[in-house]
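A short write-up of the structure that comes next.
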Amino acid sequence: MPQSPRVAWTSLAVIAAALQCAPASATPTPAATFATAGPAAAAPELPFTKGRIADGTTKSAVCSACHGPNGNSINPEWPRLAGQSAVYIAEQLRLFRAEVRTNPVMQPLAATLSDQDIDDLAVYYESQTPTGLEADPSYWQNGQALYLRGDRAREIPGCVACHGPVGRGNLAAGYPALRAQQAVYVVKQLNDYASGARYGGPNPQQASRNGAMMLSIARRLTPEQIRDVASYLQGMR
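The sequence shown begins at 5 in our numbering and counts up by one.
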């Protein structure tokens with residue numbers, strides 16, 4: 005069963021409290037691999053290990069129309085895929101293909117992909133480097149504070165607890181990388197979680213747990229907090 009909001013906040017807040025030495029810049033530099041929240045279970049079997057970057061390069065031509073060259077989308081409404089975890093990309097494409105995650109553009113495209121296509125695309129995009137974006141100077145500092153420390157009064161844990169000190173995510177737990185993501189896209193996803201339009205995790209087994217966690221957190225964020233943290237993430241390096 006999903007944790008209650010208070011239990012979820014408490015467990016994540018403990019982890020976040022241990023990370024107060026995290027980088028204090030909107031453009032943090034890469035850090036060592038970060039182990040975060042999530043069950044202390046063995047890492048899942050990785051379905052993309054047979055992916056081929058060279059083949060993914062060719063197959064990404066169609067994807068680049070929306071997601072940009074090398075996965076660096078210039079349209080703020082479409083997510084950047086460069087540097088995203090191959091596990092997360094592969095599982096999201098499988099969710100779109102299975103119509104578990106809905107999107108009128110992605111579902112028909114994913115329906116045409118074989119498992120090999122998905123694995124090739126996943127490893128290709130993970131191998132790419134996100135290009136720099138600027139955080140809005142009016143908002144990113146508040147966003148940084150929320151990302152690192154959360155908001156105790158509203159029982160919101162710091163995002164760092166799951167997504168890591170430099171936004172690289174947590175592969176074993178299925179939490180995506182968020183660094184250098186388009187602010188407009190982040191705002192849309194958080195609002196979709198809050199409304200219930202998006203409710204799911206990186207695979208069907210984790211959908212209830214991760215979806216419930218994000219729904220609970222997103223519903224406690226104010227519009228200003230969503231704007232601020234989205235701006236901070238956009239400026240992350």
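C-beta atoms are modelled at their ideal positions from N, C-alpha and C, and glycine is treated no differently.
Residue i - DSSP class collapsed to helix/strand/coil
i	result
N146	helix
D155	strand
Y179	strand
I160	strand
N174	strand
D119	helix
Y98	Correcting the residue identity first, residue 98 is Arg in this sequence and not Tyr. R98 falls in the helix class under three-state DSSP.
T14	Its pLDDT being 40, under 50, T14 is placed unreliably by the model, and the measurement read from it follows with that caveat. Of the three classes helix, strand and coil, the one that applies to T14 here is helix, per DSSP.
M240	coil
R231	helix
T61	helix
A126	helix
M5	With a pLDDT of 39 at M5, under the threshold of 50, the predicted position of this residue should be treated as unreliable, though the coordinate-derived value follows. M5: coil per DSSP, three-state reduction.
Supposed contact pair residue j and residue i - C-beta distance, whole angstroms, cut 8 Å
i	j	result
L150	D59	Actually they are not in contact, since the Cβ atoms of L150 and D59 sit about 40 Å apart, beyond 8 Å.
D124	R56	5 Å
G136	R223	Actually they are not in contact, since the Cβ atoms of G136 and R223 sit about 32 Å apart, beyond 8 Å.
A126	I93	4 Å
Q238	Q186	6 Å
Span separating the alpha-carbon of residue i from that of residue j
i	j	result
E103	Y203	13 Å
G154	Y189	21 Å
E95	A184	21 Å
G178	V170	16 Å
V66	R158	43 Å
H167	D140	21 Å
G215	V191	16 Å
Y129	E228	31 Å
- Query: Is it true that the segment 160–168 meets the segment 72–79, where meeting means three or more beta-carbon pairs spaced less than 8 Å apart?
  - Reply: The segment 160–168 vs the segment 72–79: no contact.
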